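Residue numbering for the sequence shown follows the working numbering, beginning at -11 and increasing consecutively.
Only one structure is covered here, and it is reproduced in the block below.
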Amino acid sequence: QIADAERKYVAELAAVEKVAEDAAIDAAKKARELQAAREEAESLAQDALAEAESAEAARAAAEEARKVAAESTEAALEEARAQQEECRVRDVTIACLQQEVDDAEKRVRTAREKASAAEAAR
-11 QIADAERKYV AELAAVEKVA EDAAIDAAKK ARELQAAREE AESLAQDALA EAESAEAARA
49 AAEEARKVAA ESTEAALEEA RAQQEECRVR DVTIACLQQE VDDAEKRVRT AREKASAAEA
109 AR
């Protein structure tokens, strides 16, 4: 009876050791899977960070381009205003000169008429 009990104990001990060994193997397998999942998550996080940094750099470049475009537009508008003012001054100058020409032509006509009248009076 003791031998049977001993055999039964040894068999139960072997079964417990087998269960413990299987559990240890499963635990090691799960640990490897978890490590692989952690590495994958770290890789994805690095990729997401790189994309975020790239997007921020693109946003900053777009903002800088917008500023440059706004400055260029303002400079072009100022230049156009200056040219418009130059044209206005030129138009006024031309009008004044035309008036002087008209006045001079009138004086010439008047002088010719007076000369003709004086010639006729002689």
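All residues carry an ideal CB built from backbone N, CA and C; glycine is no exception.
Since this is a predicted model, take the numbers as computed values, not measurements.
Item	Value
Using the Cα positions of Val(-2) and Ala(-9), report the straight-line distance between them to the nearest angstrom.	10 Å
Which residue marks the beginning of the alpha helix (DSSP H) containing Arg26, and which one marks its end?	Ile(-10) to Ala109
Taking the C-alpha atoms as reference points, what is the distance between Asp90 and Ala83?	10 Å
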